[in-house]
Structure formats: C-alpha cells, structure tokens
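Below is one structure, written out as structure tokens; the observations come after it.
Residue numbers (my numbering): 13 to 176.
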C-alpha cells in the first residue's frame, strides 16, 4: 500500500459553512482540508488515501468523498481529480511558489554591464516589469531578465545625436 494525496473538485447544491466543517471532520483521519467555491455550491477538498496503485487511489478517494459528502453537504458531482504520490507531493511543497528574482547587481552580472546601466535599461519600455519592489529596490523575474538579455539588440558606441 502507498499513501496518495487526492485533490477532488466538486459541484453541489449550496451548502453552509457548518456543513463544510462537518465534511472536513468526517475526513479528518485523512488529513482533509477544503476550499469552498465563491457561490457555496462546490469546492475542492484535499486528503490522503491508502491504495496500491494510482487508479485504485482515484477510486478510493472518489468513493470516500461521495460517501462522506452525502451525510454532510448532500449529493455532489465530481468535476476533477488530482492524485499525487508521496514523492510528487513532497516535491510540490518544497518548490517555491514565487519566481526566482534578481536585483540590479545580479542583472549587471548577467548582462556584463554596470548596475547603473541596468537601472537605465529598466527605464526603457522593453525592459521586464518588476515583480516586487522592496526597500532595497525592485526585483525582477530571473527568467524574464534572461529572455530580455537574449533578445535585446545592442549597437556599439553612443547613439547618434538627434538633429535639432
């Protein structure tokens, strides 16, 4: 037997918060957590099941949810199922939920120019937008900066002066 993490999305008739808590209580031995749809007519619930294979885990999770829901929130229609192995779930929860970010100093190193030049480039319209601004300055998505540096065109020397 293997432990599987099941996440099931469902629709139903509208139900109360108390009914949702009752359903979570029914599945507490399986480590259940739940999010309710904004219209109170469905949601997503995540819990663990023991099963020999992923297909058996789908069956076990679906049957368990339908059975427990019938006594708490009423009949449900399954709209989606995601089953993850213990290893896949551990990998998922250890991955950061935010992109890798870089500052002007790192952008300068990546591009082979000064921090001042990185700041100047950031003021141009083609430069990626900052994903967050801290007291130390803006931070940019590393992937977006790498792409920008790959695709930007550069010309040696100073730009020609405009005729007045």
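Each residue gets a CB set at the ideal place from its N, CA and C atoms; glycine is no exception.
Quantities reported herein were computed from a predicted structural model and do not represent experimental measurements.
Here residue 73 is not near residue 88, since their CB atoms are 8 Å or more apart.
Take the alpha-carbon of residue 163 and the one of residue 148: they are about 27 Å apart.
Contact fails between the region 71–86 and the region 110–123, because fewer than three Cβ pairs, one in each stretch, are under 8 Å apart. Here residue 133 has 139 as same chain residues with Cβ atoms under 6 Å from its own Cβ, once five neighbours each way along the sequence are excluded. DSSP lists 55 and 90 as the bridge partner or partners of residue 22.
About 11 Å separates the CB atoms of residue 56 and residue 18; that is not less than 8 Å, and the two are not in contact. The criterion of a C-beta distance shorter than 8 Å is not satisfied by residue 13 and residue 32. For a cut-off of 8 Å, the C-beta gap from residue 60 to residue 37 is around 16 Å, too long to register as a contact. Between the alpha carbons of residue 64 and residue 24 lies a gap of roughly 30 Å.
Cβ-Cβ separation between residue 86 and residue 27: approximately 7 Å, consistent with a contact (criterion under 8 Å). In the DSSP assignment, residue 82 falls within the alpha helix (DSSP H) that extends over 66–82. Note on geometry: alpha-carbon atoms of residue 128 and residue 30 lie some 57 Å from one another.
Between the alpha carbons of residue 145 and residue 108 lies a distance of about 18 Å.
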